[in-house]
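Here's the structure, in structure tokens; my notes come after.
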Amino acid sequence: MSSPIDNIRNFAIIAHIDHGKSTIADRIIHRCGGLTEREMKAQVLDSMDIERERGITIKAQTVKLNYKAKNGKEYILNIIDTPGHVDFSYEVSRSLYACEGSILIVDSTQGVEAQTLANVYQALDINHEIIPILNKIDLPASEIDRTKKQIEDVIGIDTSNAVSCSGKTGEGIDEILESIVKILPSPKGQKEEYLKCLLVDSWYDSYLGVVILVRVIDGKIIKNMKIKMISTKQEYIVEKVGVFTPKAKDVNELNSGEIGFIITGIKNLSDTKVGDTICEADKPLVQALPGFKPSKPVVFCGLFPVDSSEYQKLKDGLAKLQLNDASFSYEAESSSALGLGFRCGFLGLLHLEIITERLEREFDINLLTTTPGVVYKVHLNKGEIIELQNPSSLPDPTFIKLIEEPWIKATIISPDQYLGSIIKICQDKRGIQTNLTYSGNRAVLSYELPLNEVVFDFNDRLKSMTSGYASFDYEMLNHKEGDLVKLSILVNSEPVDALSMMVHKDFAQSIGKEVCEKLKDLIPRHNFMIPVQAAIGGKIIARETIKGFKKDVLTKIHGGGARDRKRKLLDKQKKGKAKSKQFGRVEIPQEAFIGVLKINKDI
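If you use this note's numbering, the sequence shown corresponds to residues -16 to 586, in order.
This is the structure we're talking about:
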């Protein structure tokens, strides 16, 4: 017998990275008896090895728990534990749509951070009720009153109902549960209406096919029911209905207000569009739910196998990873220097790092990644606009009217003693300051920055110059016209397309010089002299020369007429070197590519 809808609470756990979301989720699961003492482990919802090793959440996870409150009523709690990192904010946004409220966790030793703000604003945009939770009160550095004031000053939400707790010791967990049932609203929905259901997430299971996570808005979803996906117009039979407790558990039906999973025998993840509306096949809906914006990759790079015989292995690995991550895209590309590979799109640099690490670890492939780049809009003289992902595909400059690059709105929160350094790095990256406010001794900076300048090393440099205290979050703005040029690298007068990059005109010479210097050290010497050049169009802007080996051909010559014979031999050697330079092929080792990719753009 299912509980009435008034006794259901659907809520997301949101916070900045490392503020204790998954640990508090563990405590709530343990308190509500979702798992036995023996089954419990730290970060029980972080199922991937890479999540557990890095201590971060990558995929949002759901749990259905039963909780008996102090008023004697039985409640159903549907929890969604969300990622905190900016690259996975898409996971957060779709999780929030499935809930009516959020619990906001703030580390009482660190206060409000950049992703705290970003996630709260997402929740407020869809009218969520929010309960602030101050975590880590067991630590000596915990400052509860200061953190409450910061939440009120920076975010602007009331902290009179804030709960202090410790995910480590379990203190305050009962108060969190009581606040959830008292403050958060119950879902609104009609059990008697026709089925209206939101597709929240989907992933691939090698035994069951595609598993679909749904939030039932109206009506109910029952085993063997015939359902229809509104966006694709496809119809399917529901083979299995279930919930996560956090173990998967089969049930006969999901009623309005509930979150669970269904299996319909779908084999291809592209048939399940996240944000789609599901209805009964014979009772179609007139109006679909608003859904979500599809996630768009913002960072692109090439992935190539170090050993070309592993190309098929890489292709299979990418196809399998895409089954569980629809926000990641790839297409085949070839490079004269690196051979066959793939051009891949990611939501950010951490997303790129996670995918490449999983490919190397789970599929045992040695990978080479090219310089990460962003999507440029190239306006041609004829009025066409093309989206450019790979700099080597840039049309001839005479056909180009202008190039637009993507810009972001960045929020940086840092102790004020590092403010000067942060402003300098933002200015160096062509940033425009839009706001600066204070909360105690912490500065909240807003900047507009070109994504191309941020994508490479901005976060790492920000962390190192502020001893790890600064936090950084961004959201996409739009494309703006930029004075951009394609920097080509030529080795022995041959362009190396894998090393071409889009740069701002002001930085082109210094970056070109740095790349040439690096390649001079990394390309081995040949029998002939090798010029390494950086060029914009037909103009060479930087050059280094790798000297050739000089073989001593004169040692055996002595006696009469030695001078003329020496001259003849040296002329012959000179011609031989010129011929080998003309026909000789310069092999660029993998270390040279890796070395150039690691160049710190600290210009």
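Just so you know, even glycine gets a beta-carbon here, dropped at the ideal spot from N, CA and C. Just so it is clear, the structure is predicted and the values come from calculations on it, not from any experiment.
*Return the CA-CA distance between Tyr58 and Ile7, expressed in angstroms with no decimal places.*
19 Å
*Would you check if the distance between the CB atom of Ile210 and the CB atom of Thr247 is smaller than 9 Å?*
yes
_Pull the bridge partners of Leu371 from the DSSP assignment, please._
Tyr359
*Note down the Cα distance separating Ile415 from Ala145, rounded to an integer number of angstroms.*
36 Å
*How many angstroms separate the CA atom of Thr339 from the CA atom of Leu350?*
8 Å
*Just mark Val289 as buried or exposed, buried being the case when its beta carbon has 16 or more other beta carbons within 10 Å.*
exposed
*asked:* Out of Ser318, Cys284 and Ile113, which one is the CA nearest neighbour of Ala(-2)?
replied: Ile113
*Pull up the CB-CB distance for Ala525 and Leu473, whole angstroms please, since I reckon it's below 8 Å.*
Actually they do not touch by this definition, with Cβ atoms about 11 Å apart.
*Measure the C-alpha to C-alpha separation of Tyr430 and Val281 and round it to an integer number of angstroms.*
18 Å
*Under a Cβ-count criterion, where at least 16 other Cβ atoms within 10 Å of its own Cβ denotes burial, should Glu218 be classed as buried or exposed?*
exposed
_Limits of the unbroken beta strand (DSSP E) element including Lys653_ = No answer is possible for residue 653: it lies beyond the span of the chain, which begins at -16 and ends at 586.
*Do you know whose CA, among Val498, Lys522 and Lys530, lies nearest Pro663's CA?*
Because the chain in this structure spans residues -16 to 586, residue 663 falls outside the shown range and cannot be described.
*Residues sharing a beta bridge with Gly328, DSSP*: Phe283 and Ser312
_Contact set for Pro478: own chain, Cβ-Cβ below 6 Å, skip 5 residues either direction_ = Ser471
_I'd like to know whether the C-beta atoms of Ile395 and Ala97 end up nearer to each other than 9 Å._
yes
*Shortest alpha-carbon distance to Tyr313 belongs to which of Phe329, Leu323 and Asn364?*
Phe329
_Per the DSSP calculation, Gln516 is bridged to which residue(s)?_
Leu473 and Arg526
*asked:* Here's the rule I'm using: 16 or more other beta-carbon atoms within 10 Å means buried, otherwise exposed. How should Gln295 be labelled?
replied: exposed
*Take the Cβ of Met23 as the centre, count every other Cβ of all protein chains shown within 10 Å, and call the residue buried at 16 or more, exposed below.*
Low local confidence applies: a pLDDT of 48 at Met23 is under 50, so the model's placement there is unreliable, with the coordinate-based value given in what follows. Exposed, since its Cβ has fewer than 16 Cβ neighbours within 10 Å.
_Using C-beta distances below 7 Å, list every residue in its chain close to Pro267, excluding the 5 sequence neighbours before and after it, in chain order._
Lys211
*Secondary structure at Ile184, three-state DSSP: helix, strand or coil?*
The displayed chain sequence assigns Asp, not Ile, to residue 184. Reduced to three states, the DSSP call for Asp184 is strand.
*Could you check how far apart the C-beta atoms of Glu387 and His462 are, in whole angstroms? I think they sit under 8 Å.*
4 Å
*asked:* My assumption, with CB atoms under 8 Å, is that Asp(-11) sits in contact with Ser169. Please give the rounded CB distance.
replied: 5 Å
*Report yes if the CB atom of Ile200 is closer than 9 Å to the CB atom of Phe244, and no otherwise.*
no
*asked:* Mapping the DSSP letters down to three states, classify Lys584 as helix, strand or coil.
replied: Confidence at Lys584 is low in this model, with a pLDDT of 42, below 50, so its placement is unreliable and no value can be given for it.
*Do you know how far the Cα of His509 is from the Cα of Ser563?*
Caution is warranted here: a pLDDT of 48 is assigned to Ser563, below 50, making its placement in the model unreliable, and no coordinate value can be reported.
*Give every residue of the same chain whose Cβ lies closer than 7 Å to the Cβ of Asn364, excluding the five residues on either side of it in the sequence, and list them in chain order.*
Phe382 and Lys384
*On a CA-only basis, which of Lys119, Ile220, Asn251 and Thr449 is nearest Asp399? Give me that one, please.*
Thr449
_DSSP-derived helix/strand/coil call for Lys256_ = coil
*Expressed to the nearest angstrom, what Euclidean distance is found between the alpha-carbon atoms of Glu436 and Val193?*
38 Å
*asked:* When you compare the region 94 to 110 with the region 136 to 145, are there three or more beta-carbon pairs, one atom per stretch, that lie closer than 8 Å?
replied: yes
*Leaving out five residues before and five after Leu428 in sequence, what residues of the same chain have Cβ atoms less than 6 Å from its Cβ?*
Ile395 and Leu419
_Between Arg129 and chain C, is any beta-carbon pair separated by less than 9 Å?_
The structure shown contains no chain C; it holds only a single protein chain.
*With a CB to CB cut of under 6 Å and the five nearest residues on each side skipped, what residues in its chain are close to Ile127?*
Ser91, Leu117 and Ser147
*asked:* Measuring only the C-alpha atoms, how far is Tyr80 from Ser476?
replied: 55 Å
*Counting only the same chain and skipping the five closest in sequence on each side, list residues whose C-beta sits under 6 Å from that of Asp1.*
none
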